[in-house]
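Residue numbers (my numbering): 561 to 810.
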């Protein structure tokens, strides 16, 4: 069996085979990333639980290489942290929660303002459709309403027509669910408040009222932040909260 100087083997380019292998590994890494993230969001991988890469490889039914790549992404997004004992799902303090929602509040407010100013008719039609779909949900399962809420948020992010801002909010707007495992939408009355927010935001964006859209976004994130912190206290009764240097509003 011979090869020529171009690196061909049995009629196939070695470079082509290498590229195909890299592509397959990248595909497995993306699938592993999504599967592990879903397991964290669902609470199947719990806060404080020590997790090895071999366990994750078995969970995703892939080799260690794509797992390492997936873990690197999840560490960057703070779904996983690496300590002396290995990988764990982070258990944030109220200060951590406050900080990420403070960041989200700033960005969501700016995004809502841009969405009201820049939205197209297609954007408006999509937001209107998603608002109606959310109201039409009858079973109100957590899976159904969290999906509907995220799709609405993504429509607002896209309507700003600022890809960098939308991508940043995608990273910040989904990892917050790792805080405590449960969605804030599991709290009584929270979904009704979110539906009211959707309708008000739609109205503001429709008439291009940028100030109103920004006000709604800021108030919504502050409300969700406060609910998340209350959930932390409910889950950690008897634990003294350390808010660090973050000032909690009265």
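We put the CB at the ideal spot given by N, CA and C, even for glycine.
Per-residue burial, residue i [other beta carbons within 10 Å of its own, 16 or more giving buried]
i           : result
residue 811 : Examination of residue 811 is not possible in this model, given that the chain is present from 561 through 810 alone.
residue 723 : exposed
residue 616 : buried
residue 716 : buried
residue 612 : exposed
residue 654 : buried
residue 583 : Legend: pLDDT at residue 583 = 49, less than 50; position of this residue unreliable, value from coordinates given subsequently. The residue is exposed, with fewer than 16 neighbouring Cβ atoms inside 10 Å.
residue 707 : exposed
residue 618 : exposed
residue 626 : buried
residue 634 : buried
residue 610 : exposed
residue 780 : buried
residue 784 : buried
residue 589 : buried
residue 761 : buried
residue 586 : exposed
residue 623 : exposed
residue 641 : exposed
residue 703 : exposed
residue 581 : The predicted position of residue 581 is uncertain, since its pLDDT is 44 and thus under 50; no value can be drawn from it.
Opposing strand residues paired with residue i [DSSP bridges]
i           : result
residue 647 : 611 and 642
When the options are compared against residue i, the one with the closest alpha-carbon
i           : options               : result
residue 771 : 792, 726, 793 and 671 : 671
residue 675 : 769, 755, 707 and 599 : 769
residue 656 : 642, 638 and 761      : 638
residue 694 : 759, 780 and 619      : 759
residue 766 : 673, 603 and 594      : 673
residue 796 : 607, 596, 683 and 594 : 607
residue 782 : 596, 660 and 597      : 660
residue 837 : 636, 757 and 631      : Residue 837 falls outside the range modelled here, since the chain spans only 561 to 810, and no answer is possible.
residue 721 : 683, 743, 774 and 756 : 683
residue 756 : 743, 794, 704 and 692 : 692
residue 794 : 603, 754, 747 and 677 : 747
residue 728 : 636, 773 and 643      : 636
residue 593 : 603, 753 and 620      : 620
residue 603 : 754, 644, 742 and 677 : 742
residue 774 : 681, 677 and 750      : 677
residue 705 : 754, 658 and 681      : 754
residue 696 : 629, 614, 752 and 628 : 752
CB-CB length for residue i against residue j, believed under 8 Å
i           : j           : result
residue 599 : residue 605 : 5 Å
residue 669 : residue 778 : 5 Å
residue 726 : residue 679 : So it is not a contact: roughly 13 Å between Cβ atoms.
residue 776 : residue 764 : 6 Å
The ligand HEM heavy atom lying under 6 Å from the CB of residue i
i           : result
residue 784 : Absence of the ligand HEM is noted for the structure shown, with no ligands found whatsoever.
Inset, instruction - Evaluate the contact criterion for the stretch 662-675 versus the stretch 720-733: three or more CB pairs, one atom per stretch, below 8 Å. - result: Yes: the two stretches touch, three or more of their Cβ pairs being nearer than 8 Å.
Inset, instruction - Check whether the stretch 697-715 touches the stretch 648-660, taking contact to mean three or more Cβ pairs, one atom from each stretch, closer than 8 Å. - result: Flag = no, the stretch 697-715 and the stretch 648-660 do not touch.
Inset, instruction - Count the C-beta pairs between the stretch 685-698 and the stretch 787-796 that are closer than 8 Å, then say yes if the count reaches three, no if not. - result: Note that the stretch 685-698 does not touch the stretch 787-796; fewer than 3 beta-carbon pairs, one per stretch, sit closer than 8 Å.
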